[in-house]
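Engineer: Mind having a look at this structure? Questions to follow.
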């Protein structure tokens, strides 16, 4: 069965505290593929994308078109 692809939209403090570490752990275990992050604030998107080694976007439509 193919792995689920996960892209996170909105990388605010809740995502940084709870969602991002959990999704990263699932990807590390091989349960899913963490493919991208998106936040309307380009600085936040860049910070989180670089922290997790993922493509990052400020526009959700652009992210969905590519992933």
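In this note's numbering, the protein residues as written are 1095 to 1161.
Here a beta-carbon is modelled for each residue, glycine too, at the ideal position from N, C-alpha and C.
These numbers come from a predicted model, not from an experiment.
So what's residue 1125 in DSSP terms, helix, strand or just coil?
Structural biologist: Correct three-state label for residue 1125: coil.
Engineer: Under the rule that 16 or more other beta-carbon atoms within 10 Å means buried, what is residue 1114, buried or exposed?
Structural biologist: buried
Engineer: Are residue 1127 and residue 1104 closer than 9 Å when you measure CB to CB?
Structural biologist: no
Engineer: State the start and end residues of the unbroken beta strand (DSSP E) segment that holds residue 1099.
Structural biologist: 1098 to 1103
Engineer: Which same chain residues end up closer than 7 Å to residue 1121 when comparing Cβ atoms and leaving out the 5 residues on each side of it in sequence?
Structural biologist: 1127 and 1128
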